[in-house]
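Presented below is the structure to which this report refers.
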Ligand code: HEC
């Protein structure tokens with residue numbers, strides 16, 4: 086069995102993290118096909134689960150931070166909702182923050198941005 090290190094030789098940490106992000110998004114796409122496909126409708130329950138499970142896999146289940154930074158209201162309230170929406174849709178290049186555009190509509194990303202800014206889940 087070849088090890089990961091052999092398949093992925095000499096990558097720097099950012100590349101590895103970005104690859105991890107791509108793999109997580111792919112895994113999410115495979116395991117939650119219905120989570121966020123609808124173009125204009127928003128399934129709030131599915132999106133809420135996605136935030137805590139899929140975003141939470143990097144940002145912490147309670148969004149307090151992990152591989153990715155703290156996403157609780159106090160940590161992100163200086164951002165405009167549309168900036169957060171863009172970050173969610175397009176990711177942050179060169180980091181592990183993956184683009185979610187393949188997995189969700191703009192409306193859904195806007196819903197998540199509002200959800201994070203409200204911080205009503207605790
Ligand atoms: C594979 C890991 C990973 C996943 C999954 C992930 N993120 Fe991130 N995210 C990161 C990392 C790492 C950063 C910090 C990037 C940097 O260095 O600027 C980040 C940054 C962010 C930021 C900017 C925060 C700030 O203070 O600058 C937001 C907002 C964000 N992520 C939201 C989300 C949301 C919402 C989801 C789920 C839809 C998600 N992320 C899923 C790794 C991830």
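In our numbering, the protein residues as written are 86 to 207.
We put the CB at the ideal spot given by N, CA and C, even for glycine.
Assuming residue i and residue j form a contact by the criterion Cβ under 8 Å, report the distance between their Cβ atoms to the nearest whole angstrom.
| i | j | result |
| --- | --- | --- |
| residue 183 | residue 127 | The pair is not a contact, with the Cβ atoms about 21 Å apart (cut-off 8 Å). |
| residue 199 | residue 166 | 6 Å |
| residue 161 | residue 174 | In fact, because the Cβ distance is near 16 Å, the residues do not count as touching under 8 Å. |
| residue 144 | residue 132 | Actually they are not in contact, since the Cβ atoms of residue 144 and residue 132 sit about 15 Å apart, beyond 8 Å. |
| residue 136 | residue 177 | Incorrect: roughly 17 Å between the Cβ atoms, too far for contact. |
Compare the beta carbon distance of residue i and residue j with 8 Å and say whether it is the shorter of the two.
| i | j | result |
| --- | --- | --- |
| residue 112 | residue 181 | no |
| residue 187 | residue 114 | yes |
Shortest alpha-carbon distance to residue i belongs to which of the options?
| i | options | result |
| --- | --- | --- |
| residue 202 | 179, 159, 177 | 159 |
| residue 105 | 196, 197, 179, 207 | 179 |
| residue 107 | 195, 185, 207 | 185 |
| residue 207 | 142, 100, 146 | 146 |
Practice task
For the region 141–157 and the region 184–195, state whether three or more C-beta atom pairs, one from each stretch, are separated by less than 8 Å.
Solution key: No, because fewer than three Cβ pairs between the region 141–157 and the region 184–195 fall closer than 8 Å, the two stretches do not touch.
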